[in-house]
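Each remark here refers to the structure printed beneath this line.
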Amino acid sequence: MAQQWTGHKLSRRLALSVTAVAALALLALIMAGHGLPLEYGGGVLLVIGLGSYLVAYRLLANRLSFARATVDRILQSDFANLEPAEESGTSDELGALIDELYRTGVGVEKKMQDLERIEHYRREFLGNVSHELKTPIFSIRGFAETLLEGALEDEQNSRSFVQIIQRNAERLNNLAEDLGDVTRIEMGELEMTIEPFSLMLVINEVIETLEPLAETKEVSLRSKVTNDLPDVTGDRERIRQVLTNLVDNAVKYNTSGGHVNVVAHLLPSGKVNVSVVDDGIGISHEHITRLTERFFRVDTSRSRSEGGTGLGLAIVKHILGAHGSRLLTESSPGRGSTFGFSLPTLPQKL
41 MAQQWTGHKL SRRLALSVTA VAALALLALI MAGHGLPLEY GGGVLLVIGL
91 GSYLVAYRLL ANRLSFARAT VDRILQSDFA NLEPAEESGT SDELGALIDE
141 LYRTGVGVEK KMQDLERIEH YRREFLGNVS HELKTPIFSI RGFAETLLEG
191 ALEDEQNSRS FVQIIQRNAE RLNNLAEDLG DVTRIEMGEL EMTIEPFSLM
241 LVINEVIETL EPLAETKEVS LRSKVTNDLP DVTGDRERIR QVLTNLVDNA
291 VKYNTSGGHV NVVAHLLPSG KVNVSVVDDG IGISHEHITR LTERFFRVDT
341 SRSRSEGGTG LGLAIVKHIL GAHGSRLLTE SSPGRGSTFG FSLPTLPQKL
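Each residue of the sequence shown is one higher than the last, beginning at 41 in this note's numbering.
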């Protein structure tokens, strides 16, 4: 009520100011135009003043009160009750100002929602990092203490314990490297060296690197790339990182006797499509849209046992985004998965 009263006081003051200026101006014009004596000036001034005041107050009071209420709602972050003025806002400057206040409130609301979303992401991210660090650290500390308490004398068990410590240390190293990549991506420091390169050679290198893992898992790993595949443009090492991650996942989440094929072919659009196809365990539909979320895992226990950090596909998404591409996924449980993306080729010389 106090704010409403203040708004009406302001409206009256402004109306009185407008009235005074208008009345004096009209009085001067009327008297000069009709040659009226000065004794008639008071009555004419009263009539003009009263009429001007009523008109000015009528035009200003509600609109100024509405503007004041809009400002108060913005200051109190009461965006739920924020509403545009009924007037079009284009008739005069006051209407335009009221419309601008409303748009400002909408903009402030969006900024606050963005900040809340970022803060929620920050808390979730820190919680996930803390959780991911605890498991390998707990394992390393536990087995190290066991060794120090006398297990070193047992050659068979001590060797097994050291191997477990080594695996968990490697997992921590992978997490640190992936977190470094995520940090650079978040800060816009993920540098790309865009140049032409042979995609076929990169695919062969990735297959050679992961062939020992495939043999251990008893998975057949092959490439299906034609010899006439044109060169593509992009960051060679980052695309290698993308392919390594996709092929590594396809092998790890396959079954004994399974197959993983890396396929590349030229599209009618002039781009080269690359797909990593497996016939492994597959992914249910409700999980596909979340695969590139940081720390998301379809099978948490299996992912951790395989040394995954939960950041790989999130990094893949950002790398492909920097190349103007995106990760496409097709999968169904028990029928395998296909992860694909495309890259531009070199311009053809005429």
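Note that beta-carbon positions come from the ideal geometry of N, C-alpha and C, so glycine has one too. Since the model is a prediction, treat every value here as computed from it, not as a measurement.
Proximity of residue i and residue j at Cβ, strictly below 8 Å
{"i": "L122", "j": "R108", "result": "no"}
{"i": "A304", "j": "I234", "result": "no"}
{"i": "V312", "j": "T378", "result": "no"}
{"i": "A184", "j": "I204", "result": "no"}
{"i": "L253", "j": "V302", "result": "no"}
{"i": "L286", "j": "V316", "result": "yes"}
{"i": "R278", "j": "M232", "result": "yes"}
{"i": "L367", "j": "K357", "result": "yes"}
{"i": "L360", "j": "L331", "result": "no"}
{"i": "N294", "j": "K257", "result": "yes"}
{"i": "D306", "j": "V222", "result": "It is worth fixing the name first, because residue 306 is Leu in this sequence and not Asp. The answer is no: Cβ separation not under 8 Å."}
{"i": "S238", "j": "D271", "result": "yes"}
{"i": "F201", "j": "L187", "result": "yes"}
{"i": "L219", "j": "P176", "result": "no"}
Limits of the unbroken alpha helix (DSSP H) element including residue i
{"i": "N285", "result": "R276 to K292"}
{"i": "V259", "result": "Neither: V259 is in no alpha helix (DSSP H) and is coded neither H nor E."}
{"i": "L306", "result": "Per DSSP, L306 belongs to no alpha helix (DSSP H); it is in the beta strand (DSSP E), H299 to L306."}
{"i": "T352", "result": "Checking the sequence shown, residue 352 turns out to be Gly, not Thr. Its alpha helix (DSSP H) spans residues G352 to A362."}
{"i": "E326", "result": "H325 to I328"}
Residue i in three-state terms, based on DSSP
{"i": "G145", "result": "helix"}
{"i": "P176", "result": "helix"}
{"i": "D271", "result": "coil"}
{"i": "G320", "result": "coil"}
{"i": "E370", "result": "strand"}
{"i": "E235", "result": "strand"}
{"i": "S377", "result": "strand"}
{"i": "T385", "result": "strand"}
{"i": "S200", "result": "helix"}
{"i": "S315", "result": "strand"}
{"i": "S309", "result": "coil"}
{"i": "S263", "result": "strand"}
{"i": "G135", "result": "helix"}
{"i": "P252", "result": "helix"}
{"i": "D154", "result": "helix"}
{"i": "D218", "result": "helix"}
{"i": "M240", "result": "helix"}
{"i": "E189", "result": "coil"}
{"i": "S341", "result": "Residue placement at S341 is flagged as unreliable, the pLDDT there being 46, under the threshold of 50; a coordinate-derived value is accordingly withheld."}
Contact set for residue i: own chain, Cβ-Cβ below 6 Å, skip 5 residues either direction
{"i": "S260", "result": "H299"}
{"i": "P373", "result": "G322 and S324"}
{"i": "F119", "result": "E149"}
{"i": "S382", "result": "K311, N313 and S365"}
{"i": "E370", "result": "T378"}
{"i": "D319", "result": "G298, H299 and G376"}
{"i": "T284", "result": "V246"}
{"i": "S263", "result": "I243, I247 and V302"}
{"i": "A362", "result": "M232"}
Cβ-heavy atom distance, residue i to the ligand SAH, below 7 Å
{"i": "D271", "result": "Questions concerning the ligand SAH fall outside what the structure shown contains, since it holds no ligand whatsoever."}
Contact set for residue i: own chain, Cβ-Cβ below 7 Å, skip 5 residues either direction
{"i": "A209", "result": "I180"}
{"i": "G129", "result": "For G129, the predicted model reports a pLDDT of 44, less than 50, meaning its position is unreliable and no value from the coordinates is stated."}
{"i": "I328", "result": "T369 and S371"}
{"i": "S198", "result": "L187, A191 and L192"}
Contacts around residue i, its chain only, beta-carbon distance under 8 Å, and the 5 residues preceding and following it disregarded
{"i": "L137", "result": "A107"}
{"i": "V111", "result": "L141"}
{"i": "T144", "result": "I114"}
{"i": "L250", "result": "L261, T284, V287, D288 and V291"}
{"i": "V282", "result": "V356, I359, L360 and F381"}
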